[in-house]
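2 protein chains.
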Amino acid sequence: MTLTMRAVEVQDDEALAIVEMPRPEPTGSEVLVKIKAFGVNRGDLLQRIGKYPSPKGASPLMGLEACGVVEAVGPDADRWAVGDKVCALLPGGGYAEYAVADAGSCLPLPEGLSFEQGASLTETMMTVWTNVFDVCALKPGETFLVHGGTSGIGVSAIQMAKQWGCKVLTTVGSPEKQSAATTIGADRAINYKTEDFVEVVKAEGGADVILDMVGGEYVAKNMDCLNKLGRLVNIAYMQGPNVELNLMPFMLKRITMTGSTLRARIPEEKRQVRDGVERDFWHMVSADKINPVVYKEFDMDDIEAAHDLMKSSQHIGKIVVKTGVE
Amino acid sequence: MTLTMRAVEVQDDEALAIVEMPRPEPTGSEVLVKIKAFGVNRGDLLQRIGKYPSPKGASPLMGLEACGVVEAVGPDADRWAVGDKVCALLPGGGYAEYAVADAGSCLPLPEGLSFEQGASLTETMMTVWTNVFDVCALKPGETFLVHGGTSGIGVSAIQMAKQWGCKVLTTVGSPEKQSAATTIGADRAINYKTEDFVEVVKAEGGADVILDMVGGEYVAKNMDCLNKLGRLVNIAYMQGPNVELNLMPFMLKRITMTGSTLRARIPEEKRQVRDGVERDFWHMVSADKINPVVYKEFDMDDIEAAHDLMKSSQHIGKIVVKTGVE
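Protein sequences appear in the order of chains B and W.
All residue numbers for the first sequence refer to our numbering, where the first residue is 1012 and numbers rise by one.
All residue numbers for the second sequence refer to our numbering, where the first residue is 1012 and numbers rise by one.
Structure representation (structure tokens):
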């Protein structure tokens, strides 16, 4: 008898439907996670319209992070046992009651957190760690700028950089979001609708590291407000990747530009990211130094409403969905 | 009585003239070098037409590297004594019989080398080291592409990367230069006038690090043939710094783009570069593993001819000028 599960599937007309399908089975170094809650990420919206497919070999379902209980363990999986509560980074498949995750992509659910809170942390903390702290090597005392300060990425990046001993600047789109960003730790939240972020950042002494997901015209603006030896990293190009640039600041300021995706990395690379997050920041979560920021929780049957909220960009922090699985 | 020296000065009409002027005096951590020979660099041509002025505090004369004998030592200068033969990186002032250099910007003239040979190495080896080996962290076994393989930078970069245990690809503009580049160590010299370098580099397995001075349309082409986690560094934009780019490869391949100048760095930064070159490569020069490639020597009175040769780009290796000072 094949065990089944409920999952969110994208239909041919891009509508979402709850369907019954076979549960995945863990092979190799994978664990099977019974998912209590999963996080919604902007990439899910792209995947839904066919622009961000799952990597080869991964579940074709949406869902980059989930929190739940280990239900079964593959033959080569280390560390985890049935019953462990984990936060898992997934290459896909999180929009379901069960998913397989590589053992090296899982973190223990921090003490005192609900499953919903645990579902809100993994993707953003791993993304911020690999880009800001590993690749861009943000150092204590440096100034860090993150765009979209009230996005899921933003709320993690602000808290992590603040705990790292950095001056933290961010851009947001409303006075309410300015207030939220400073409450969680930003030294200065810039309302990009009423202020020129380049001028404000320069007045604050310039940025040493910038985490950007906007792209487009922001690329040249970022270059403009980077300090000597500054680093710019893009994790998305929401305004598009096509830019006209004068590259001379690269030479004159010796700045560095890079970018990355997390999803397509091989499990061994993700394990290194997991280890970095765990070593540098994960203990700060149970210590109340880094807090989950869950804006709203939805039931899986209301997944369409969760996507609508993400599209609206009205949220502050993470959007989380509960599967209801027992 | 003020001691004087002969030096090359740029006149108001951009002509060059040999003039008599006071010798500089070493202060702080500087040494005074009696210059036997100096290297000609492409930046000198830019400085001559007003586009690459000396940094604040440096001699306004052209000349980024020189080889000679220590004539006097500043009160805070370490390591060097009067009579030492040195290769000096200069922020300016090399087109003269005497120049001051920071003690941390000098290397010992390698055993067995003439002053003319010693004048051909410093600027390029320091530039290649800081960009390729320090910033881009080229590793043994990786594939390295340097454009302009028979330029001064090119002949140093090819030899250094080959000694480092890398596969070395380069672009040049003639069959004669192809032959010269492979003779000094390139595994494959691409004639960009008859071959598409992107296709050749891809067929060779792609590049992990690219050292470029062309810029312009080469930037997108470089991005195209970089491997996953590849690094691109520009030390000039001879085709201009204004580019139209699709940045998506930065995310998908996690590539890094940077650039630098050496001239404007503070003495402490140059000392670190000097130390790196000395530790990793300088001993290979006297061991005949890295060889000076001096294309032609000129007398200082013929400086105009030396510049004409640089402009023509017909040279293979370095152009060196002898001051004739006793």
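Beta carbons are placed, not taken as given, at the ideal position from N, Cα and C, and that holds for glycine.
Bear in mind the structure is a predicted one, so any value in this text is a computation, not a measurement.
Asked	Found
For Ile1060/B, the residue or residues it bridges with in DSSP	DSSP, once it has assigned bridges, lists no residue as partnering Ile1060/B.
Residue-level contact to chain W via CB, Met1249/B, 8 angstroms cutoff	no
Ile1221/W - partner residues in DSSP beta bridges	Leu1156/W, Leu1243/W
Beta-carbon proximity list for Asp1235/W, same chain, < 6 angstroms, skipping 5 on both sides	Val1209
Burial state of Val1093/W (16 or more Cβ within 10 Å)	exposed
Short CB-CB distance (under 8 angstroms) between Thr1272/W and chain B	yes
Contact check, Gly1050/W vs Leu1072/W, beta carbons under 8 angstroms	no
Interface flag, Phe1261/B vs chain W, CB-CB below 8 angstroms	yes
Bridge partner(s) assigned by DSSP for Arg1265/W	For Arg1265/W, which the question treats as bridged, DSSP gives no partner whatsoever.
Interface flag, Gly1226/B vs chain W, CB-CB below 8 angstroms	yes
Segments of 4+ residues assigned as alpha helix (DSSP H) that fall wholly inside the stretch 1150–1211 of chain B	1163–1174, 1186–1194
Burial state of Thr1013/B (16 or more Cβ within 10 Å)	exposed
Candidates Ile1164/B, Pro1260/B, Pro1064/B, Pro1119/B: closest to Met1137/B by CA position	Ile1164/B
Pair within 8 angstroms by beta-carbon distance, Lys1239/W and Arg1199/W	no
Beta-carbon proximity check, Glu1041/B vs Ala1114/B, cutoff 8 angstroms	yes
Helix, strand or coil at Lys1329/B according to DSSP, with G and I counted as helix	strand
Within 8 angstroms, strictly: CB atoms of Val1143/W and Leu1243/W	no
Residue nearest to Val1044/W in terms of C-alpha spacing, selected from Leu1118/W, Asp1055/W, Ser1167/W	Leu1118/W
is_contact[Thr1038/W, chain B] using C-beta, thresh 8 angstroms	no
Nearest neighbour of Val1254/B, chosen from Gly1270/W, Val1230/W, Asn1202/W [CA to CA]	Val1230/W
Proximity below 8 angstroms, CB of Leu1339/W to CB of Val1212/W	The displayed coordinates of chain W run from 1012 to 1337. Any statement about residue 1339/W would go beyond what the structure contains.
Any C-beta of chain B under 8 angstroms from that of Thr1267/W	yes
Span separating the alpha-carbon of Leu1120/B from that of Thr1133/B	10 angstroms
Assigned exposure category for His1294/B - 16 Cβ within 10 Å defines buried	exposed
Nearest candidate by alpha-carbon position, reference Thr1272/B, set Glu1279/B, Gly1054/B, Val1166/B	Gly1054/B
Other residues of its chain near Arg1059/W: CB distance less than 8 angstroms, five sequence neighbours each side excluded	Val1021, Glu1025, Leu1027, Met1073, His1318
DSSP three-state assignment for Leu1320/W, whether helix, strand or coil	helix
Val1209/W: contacting residues in chain B (beta-carbon distance under 7 angstroms)	Chain B residues near Val1209/W: none, gap ~19 angstroms exceeds 7 angstroms.
Contact set between the stretch 1228–1247 of chain B and chain W, restricted to residues whose Cβ is under 8 angstroms from the partner	Val1230, Asn1245, Ile1246, Ala1247
Proximity test, Cβ basis, 8 angstroms: Asn1257/B and chain W	yes
Pairwise C-alpha distance: Leu1056/B and Gln1250/B	15 angstroms
C-alpha distance - Val1225/B paired with Glu1279/W, whole-angstrom precision	37 angstroms
Residue burial classification, Asp1219/B (beta-carbon count within 10 angstroms, cutoff 16)	buried
Close-in-space but distant-in-sequence residues of the same chain around Lys1232/W (CB under 6 angstroms, 5 per side omitted)	Val1209
Reduced DSSP category for Thr1013/B - H, G, I as helix; E, B as strand; rest coil	coil
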